[in-house]
Amino acid sequence: MSSTEVSTTCPYCGVGCGVLAKAGGGASVRGDPDHPANRGKLCSKGSALGETVGLDGRLLHPEIAGKRAGWDTALDLVARRFRDTIAEHGPDSVAFYISGQLLTEDYYVANKLMKGFIGSGNIDTNSRLCMASSVAGHRRAFGEDIVPGTYEDFDEADLIVLTGSNAAWCHPILYQRLLAARKARGTRIVVIDPRRTATADECDLHLALDPGADVLLFNGLLAHLARVGTLDQDYIAANTTGFDQAVALAAADAPSVEHVARGCGLVVADVRFFYELFSVTERVVTVYSQGVNQSAHGTDKVNAIINCHLATGRIGRPGMGPFSVTGQPNAMGGREVGGLANQLAAHMNFDNRADVDRVARFWNAPEIATRAGLKAVDMFRAVGDGRVKALWIMGTNPAVSMPDAGRVRSALKACDFVVVSDITRTDTTRYADVQLPAAAWGEKDGMVTNSERRLSRQRPFLAMPGEVRPDWRIICDIAARMGFGAAFDFADPAAIFREHAALSAFENKGERMFDLGTLAALSDADYETFEPRLWPVRSRRQADRLLSDGRFPTPDGRARFIAVRQEGVALAVNAGFPLALNTGRLRDQWHTMTRTGAVPRLMANTPEPMVDINPRDATASGLADGDLAHLSTRYGSARARVRITEAQRPGQAFLPMHWSGYFAANAGAGALAAPITDPYSGQPELKNVPLRVVREEIAWAGVLMTRRDLRPTGFVHWSRQAVAGGWVYELGGTETPDQGILLARGLLANPDQLVEYRDRKGLTYRAAAMDENGALAEALLVAPTGQLPARDWLVSLLGSRVQLTSVDRHALLSGRSPAAMPSAGRIVCSCFNIGVNQLADAVAAGCRSLEVIGKELGAGTNCGSCRSEIRSIIGKNRAAG
Ligand code: SF4
């Protein structure tokens, strides 16, 4: 649609990078040099955005019971079923489960419909799984969900403490900014994480604490600060309450550095070094993310961190402060509109009657909900036991991402009426009675807010395909059909945004810091040309920096210390489940891979589901690197290939969160995770679940290279990788190899038109099929485990689509190229497509540093996310040489 560059925002992580994008051959993208969040840089995911806008797998038309339907029919049905359910069972019998992928305007109308007009609090968002504990912690300490700092504080800090944050992979551009500051001013970096992540690779101190011990560590810090006198007594006296109780409990909980070290599984000297560093450094930013939030005690962890900043007065000033970074592009926007079940709107709350009354008057919504609704885990429990009878899921995939995902699937299956609006088919759309096709990134138009409270526009540059509609439009159409048309009569996103901004300023005399008052008068033209800016945006003059005057949005204007103690872990490992399972993100993937999984260069670094375990645990379980493992917890099971690594501490395992049923037979971390939640935030524990790992006795392995998009059934294990020209499927089973051949052969498009080879014992099988132009269309290799031939050449033929020569045809079934073909190996740098073998060769040829490798191959010089892996390859190959 737009052949000139449009300024928009990346739809992935909470860094919120500016992107310049235009249509053409999919889309071309580059970092926006004028966007303050990224100043022109993009990470591997952001750089590949242009490759994600294809229509494969897109939902393009409404469907009812899996059959195409017209919009009017589908919308009428949804509105009628919700209306009838509410009439018969009351407003709390329906629910919305929405997403940090929605734009602020989508979020606003969804929240307004459920809380204001349906009259239930039953709207929650997948941000519940991401940062609800930060929200709860902020509200306890500050009185409002406030992130005090901005990204400029990263540039100006002298010490950055990253706790529960693998920023190098999960917030790469922010991490690069931090490294740039380190280079420029020598910023010290402390990483607190049970895993030795890529982030831990470039730090001054890595504290690999035991999972869940964060409160003890920060209580110890608070007690230490009090002991050595590094407190800002004036700040504490003038601006806070509750210090005495908090420090007394911290001192009782963490009486000595030795006690803390023992309780956290750390070395005393390391803990002491951290405490001293924090103590003597004025400009400290403590960054926390999912490692803190995704916990049964996440809110206490957040408050233990904030306590240390309040005690030292290191908040509201340049280069310092507690800083929660969000996982999703608009998690913050969702918090602003009240997308969480326990918030109302515009940072107003159910526990304040005046707030409920205020929002009701503003919306002219006398039937407004008066109490909080069900948080995500409880919501799906209510779906399962029939209390919620009609559910609308927007832009998220809970059948994969929720903890105890098997039970969530059963709940969806049993639910009377499920609506899913999304951009693609997912594991969740399988349970939908009605599917509604929503607009995707590049087609959508609206606002997002990043982790530093910066509002930016997402702008469309592609036409909406098929019958796709924007989420806000779909929600308003349903609202109108339910009889609420007057309150949802918005012409466009700009009109919604103006109302949202006006609500934030409504009867707000400075009590609520979230205030977009000035933007309530934004013209359509101003909305169109809106430049990124931080909130608050008040009509009256304001301080540049939040909390710089020491005043907090609490009734007495003071921040609150929260006395917290280290609790025991929610679930303890035991003889049956001896490992602690941690889950998280991969460098190049996003959520359940609905967008990134189809991009070959984003699949190339980790092409299969892998579980990371320590060599000691591998030996104890009889596991070798590359074995297929069966993983089980009290809640479910999964399969993944074993990667043995010292980065994982003994007793712990790590499985990425991304693998859905579209990309593997059974590798979902959600199925293993516990539905145990934090008592304040309702956020589930996703970082510490007792796990058993045993070897899966696989008898045969296969690899299918095909242009077709398949979801195999009947296999013990399969996973797939997008490659140029198609897909590569890894197959495996416990059947005998001859049975495996039968099973795998069933996947071929035309088993009767193949060149084939089978060994005399019938245990090894190879087959290839050509298209009408004589190019390779499909190839299958099956062999007893460990005996598969190389497939690089065949995979390259799938991508090249060139007519095969007779020499090639003869060589096909051997899998070996007739001409020498160097293999790049697994891709390490996805920005420049540089593989592990190329890096090893470069090291052997004398490239012994990141800088020289960068100069020679380009690897590591763009987004920088692969630098730690390159460094480890240099180390390994230098040692070998
Ligand atoms: Fe997108 Fe986050 Fe990467 Fe920026 S750092 S390009 S917002 S994924």
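Under my numbering, the first residue of the sequence shown is numbered 122, with each subsequent residue one higher.
Each residue gets a CB set at the ideal place from its N, CA and C atoms; glycine is no exception.
Quick one: what does DSSP say residue i is sitting in, helix, strand or coil?
i, result
"residue 251", "coil"
"residue 862", "helix"
"residue 826", "strand"
"residue 245", "strand"
"residue 978", "helix"
"residue 664", "Reliability fails at residue 664, whose pLDDT of 47 lies under 50, so the model's placement of it is uncertain and the value that follows must be treated cautiously. Here residue 664 sits in coil by DSSP."
"residue 139", "strand"
"residue 633", "coil"
"residue 362", "strand"
"residue 1057", "There is simply no residue 1057 to check, as the chain begins at 122 and stops at 1002 in what is shown."
"residue 188", "strand"
"residue 921", "helix"
"residue 786", "coil"
How many Å lie between residue i and residue j at the Cα?
i, j, result
"residue 170", "residue 840", "23 Å"
"residue 882", "residue 777", "39 Å"
"residue 236", "residue 465", "8 Å"
"residue 386", "residue 696", "20 Å"
"residue 759", "residue 723", "23 Å"
"residue 230", "residue 494", "17 Å"
"residue 449", "residue 351", "36 Å"
"residue 568", "residue 656", "13 Å"
"residue 176", "residue 191", "20 Å"
"residue 892", "residue 987", "38 Å"
"residue 654", "residue 133", "19 Å"
"residue 522", "residue 729", "18 Å"
"residue 903", "residue 820", "11 Å"
"residue 339", "residue 941", "57 Å"
"residue 932", "residue 901", "14 Å"
"residue 368", "residue 405", "20 Å"
"residue 440", "residue 259", "19 Å"
"residue 486", "residue 720", "45 Å"
"residue 174", "residue 336", "43 Å"
Got a sec: does the ligand SF4 put a non-hydrogen atom nearer than 6 Å to the Cβ of residue i?
i, result
"residue 569", "no"
"residue 299", "no"
"residue 565", "no"
"residue 304", "no"
"residue 783", "no"
"residue 950", "no"
"residue 161", "no"
"residue 653", "no"
"residue 293", "yes"
"residue 131", "yes"
"residue 534", "no"
"residue 720", "no"
"residue 408", "no"
"residue 264", "no"
"residue 136", "yes"
"residue 164", "yes"
"residue 167", "yes"
Name the one or two DSSP bridge partners that residue i has.
i, result
"residue 409", "284 and 445"
"residue 775", "703 and 733"
"residue 568", "578"
"residue 538", "511"
"residue 891", "897"
"residue 851", "824 and 840"
"residue 877", "888"
"residue 950", "955"
"residue 133", "Paired residue(s): none; residue 133 is not in a bridge."
"residue 103", "Residue 103 is absent from the model: the chain starts at 122 and stops at 1002."
"residue 326", "311"
Return the Cβ separation of residue i and residue j in integer angstroms, given the expectation that the two are a contact with Cβ distance under 8 Å.
i, j, result
"residue 936", "residue 915", "6 Å"
"residue 452", "residue 635", "Residue 452 to residue 635, Cβ: 14 Å. No contact."
"residue 515", "residue 971", "Their Cβ separation, rounded to whole angstroms, is 43 Å, which puts residue 515 and residue 971 out of contact at 8 Å."
"residue 497", "residue 228", "With 8 Å as the limit, residue 497 and residue 228 do not qualify as a contact, their Cβ atoms being about 15 Å apart."
"residue 518", "residue 549", "5 Å"
"residue 321", "residue 314", "6 Å"
"residue 771", "residue 694", "Going by Cβ atoms, the distance from residue 771 to residue 694 rounds to 12 Å, so no, they are not a contact pair."
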